[in-house]
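Protein chains in written order, with our numbering: chain A, 1 to 181; chain B, 1001 to 1181.
Cβ atoms here follow ideal geometry from the backbone N, Cα and C, with glycine treated the same way.
Everything numeric in this text was worked out from a predicted model, so none of it was measured.
What follows is one structure encoded as structure tokens, with my remarks underneath.
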DNA sequence: CGGCCGCTGTACAGAATGCCCACCGGAGGA
DNA sequence: TCCTCCGGTGGGCATTCTGTACAGCGGCCG
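This is how it looks when you write it as structure tokens:
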């Protein structure tokens, strides 16, 4: 096995029950966890040893924390962050769909089959679903929308093109707040 | 520096100009790039050597491809994927905001200061901005919304709570399509 | 036709990883 | 009150990967 941290196997430092790391309530994260996540978020490829140095703790501690965070699901993984724009899809839009009763499952399957659909939520309010889509250009967006809404169960839709992205997806502020607790 | 792949430094295998890897147009990605991204997305912690084995190519090739992808911005990084729900924020909502003329900058700054605001786009259509927010509970969502919309420049807002997430954020289908080209 | 570029395969030194162990100190339970 | 459990510490070992370099080969473009 590579030196990379075991993807699935929170079994190192085996016996680590459910009690809390250092006084917090059972759920949520710890200040050290917060610093660790922040560190990894800012310099993702530094490795466990380097983390332990920067955080001024023992390597085993970092390893244990990481395992625990992954086991708890706080950290899902370390997948590459791909930029749709760099792939040739610089246009982002949000579409709100209204679905006819009972067609939910079919619509989902349909939407899941469209590569340009990056995300799909069911929502409260006027619409029933909200999809995040991307396209190669505004013109291409028309094609994508046609494909997205061109399905029987969808009775109405409205689209909003994303112009600017003043706050790109971020999670660190929330991590800090959760760590401060 | 750790064995981890250099975060910023597309300088290994130095002389690799601007011509295309293997016949594609100058932009976009290659089939091998696609397989590489997919592999890394599925098993993020496998390392370059393991990649080269799985992909049946030389290690240097993988290294070069990775450097190039990062240099081109296709891969932004390998930050940890943090799950807001696991942090204690299981409720997601999308709010559409209407801004009074000329208040854009102030509103952005205000929203950027709210940790529960994960993402902010300016959009076309009825609203002017769209924010993705999270909260600890439906009750807590009220608090967050109050904080979000409690600002002078915001004249109107409507919120949709995300109920289900049939298609979590994904990029692989798009990568495949871009790679197939 | 020559040159450039990318891929291959190999090699080497340095460094990090996975794993193990003994020890310590605080918190909770007996 | 004492004892046990658990997490953190610090050290060490064998393994394996990384960063880098080099020579050779084949295709594409000028």
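Three-state class that DSSP yields for residue i in the structure shown
| i | result |
| --- | --- |
| residue 109 of chain A | helix |
| residue 1136 of chain B | coil |
| residue 37 of chain A | helix |
| residue 1119 of chain B | strand |
| residue 87 of chain A | coil |
| residue 1082 of chain B | strand |
| residue 95 of chain A | strand |
| residue 181 of chain A | coil |
| residue 65 of chain A | helix |
| residue 145 of chain A | helix |
| residue 1114 of chain B | coil |
| residue 1160 of chain B | strand |
| residue 167 of chain A | strand |
| residue 175 of chain A | helix |
| residue 1155 of chain B | strand |
| residue 131 of chain A | strand |
| residue 26 of chain A | Here the model assigns residue 26 of chain A a pLDDT of 47, short of 50, so the residue's position is not dependable and the matter cannot be decided. |
Cutoff 8 Å: residue i Cβ touching any chain A Cβ
| i | result |
| --- | --- |
| residue 1061 of chain B | no |
| residue 1090 of chain B | no |
| residue 1035 of chain B | no |
Residue-chain proximity (residue i, chain B), Cβ-Cβ < 8 Å
| i | result |
| --- | --- |
| residue 52 of chain A | no |
| residue 167 of chain A | yes |
| residue 81 of chain A | yes |
| residue 176 of chain A | yes |
| residue 145 of chain A | no |
| residue 151 of chain A | no |
Option in the options with minimal Cα separation from residue i
| i | options | result |
| --- | --- | --- |
| residue 1131 of chain B | B:1167, B:1099, B:1040, B:1055 | B:1099 |
| residue 117 of chain A | A:78, A:176, A:103, A:149 | A:149 |
| residue 143 of chain A | A:128, A:159, A:87, A:153 | A:159 |
| residue 105 of chain A | B:1164, B:1171, B:1170 | B:1164 |
| residue 1067 of chain B | B:1146, B:1111, B:1033, B:1113 | B:1033 |
| residue 107 of chain A | A:58, A:151, A:59 | A:151 |
| residue 1102 of chain B | B:1139, B:1153, B:1178, B:1110 | B:1153 |
| residue 1161 of chain B | B:1114, B:1140, B:1051, B:1171 | B:1140 |
The ligand COA heavy atom lying under 7 Å from the CB of residue i
| i | result |
| --- | --- |
| residue 151 of chain A | The ligand COA is absent from the structure shown, which contains no ligand whatsoever. |
Proximity of residue i and residue j at Cβ, strictly below 8 Å
| i | j | result |
| --- | --- | --- |
| residue 1037 of chain B | residue 1175 of chain B | yes |
| residue 1168 of chain B | residue 40 of chain A | no |
| residue 96 of chain A | residue 157 of chain A | yes |
| residue 1120 of chain B | residue 84 of chain A | no |
| residue 1173 of chain B | residue 115 of chain A | yes |
Assess contact between the region 1086–1093 of chain B and the region 1129–1147 of chain B, defined as three or more Cβ pairs (one per stretch) separated by less than 8 Å. Is contact present?
As far as the Cβ criterion goes, the region 1086–1093 of chain B touches the region 1129–1147 of chain B, which means the pair count is three or higher.
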